[in-house]
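Quick notes on the structure that follows.
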Amino acid sequence: MDKIVILDFGSQYTQLIARRIREAHVYSEIHPCTIDIEAVREMKPQGIILSGSPHSVTEADAPLVSPEIYNLGVPVLGICYGLQLTAHLFGGAVDKAAHREYGRADLIVDDNSDLFHGFQQGEENASVVWMSHGDRLEKIPPDFKVLAHSKNSPIAAIRHKDREIFGVQFHPEVVHSPRGHEMLRNFVFTVCGCKPEWNMGSFIEREVERIREVVGNDKVICGLSGGVDSSVVAALLHKAIGDQLTCVFVNNGVLRKNE
């Protein structure tokens, strides 16, 4: 099964990236940006997406990723902070923008191949996208080229000239970027070559089988707080092993009064 791995740098939109990929019927997983490079290699993803972040790549303690992520032989797409981090690691220059860009912006496509396949080039055919950043790419890294720009971001989308490494300054995953889903689909299908073969039903079936293989005839205890995560785990476990499961309610201290 084709898989897109999303590395999370703390963006409020990371879950939305995964949702957009799954809506295209391709499986995606979110992992922290600190994940070991060998773990990513073992996943054998068809593509990797680097999320946004509230941090700046110029900070001393900025979250980073192993540069080896770009040498796995699979396409990489950096979104907002992911673009800036990619540019930073490849020798570009990132600095504070004169004006923080937050809100809708007109994106002018300069190169409508790959990531912007199906888009028209030129200012008269600008596409609205959602910007949310205080830094911007001031100098493009060597061996990269500009794919798109906006009024306040002269380098709003880039790609490596020879390798399938991309970056966008905006957030294609949010609804405020009306054609953002097309850009993500272009990355997933045109660039990564994924096939739309996944759906939530197949995920449930696969996980149920995996649980049965792991548990066998053993008994399982599940701590259940009533939240989404533990409730989904409990439902999957019960579907897989039935009465072999015992759920124990855990009051985690954040319930409503008298609940």
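Take the sequence shown: its position 257, counting from 1, is numbered 258 in the working numbering, and each next residue is one higher.
Just so you know, even glycine gets a beta-carbon here, dropped at the ideal spot from N, CA and C.
Excluding five sequence positions before and after G123, the CB atoms of its chain that fall closer than 8 Å to its own CB belong to I109 and V110, given in chain order. Counting only runs of at least 3 residues, the stretch 85 to 115 fully encloses the following beta strand (DSSP E) elements, listed from N- to C-terminal order: 94 to 110.
Secondary structure in the stretch 124 to 169: the beta strand (DSSP E) runs of 3 residues or longer, each lying completely within the stretch, are 128 to 140, 145 to 150, 158 to 161 and 166 to 169 in chain order.
Residue pairing by DSSP places E208 in no beta bridge whatsoever. In the structure shown, L8 falls within a strand segment according to DSSP collapsed to helix, strand and coil. Residue pairing of P33 in beta bridges, as defined by DSSP: D9. Under the three-state reduction of DSSP, L185 is assigned to helix. Annotated as proximal: V192 and P76, with beta-carbon spacing under 9 Å. Here the stretch 69 to 84 lies against the stretch 164 to 174, with 3 or more beta-carbon pairs under 8 Å apart. Taken through DSSP and simplified to helix, strand or coil, G228 comes out as coil. Just so you know, the alpha carbons of V95 and P155 end up roughly 12 Å apart.
In the displayed model, V66 falls within coil according to three-state DSSP, outside both helix and strand. Of the candidates Y71, G53 and L73, the residue whose Cα lies closest to the Cα of P64 is G53.
Collapsing the DSSP output to three states places T59 in coil. Counted as a single uninterrupted DSSP element, the beta strand (DSSP E) harbouring V77 occupies residues V77 to I80.
In the three-state DSSP reduction, L73 falls in the coil class, being neither helix nor strand. Around the beta carbon of F250, fewer than 16 other beta carbons lie within 10 angstroms, which makes this residue exposed.
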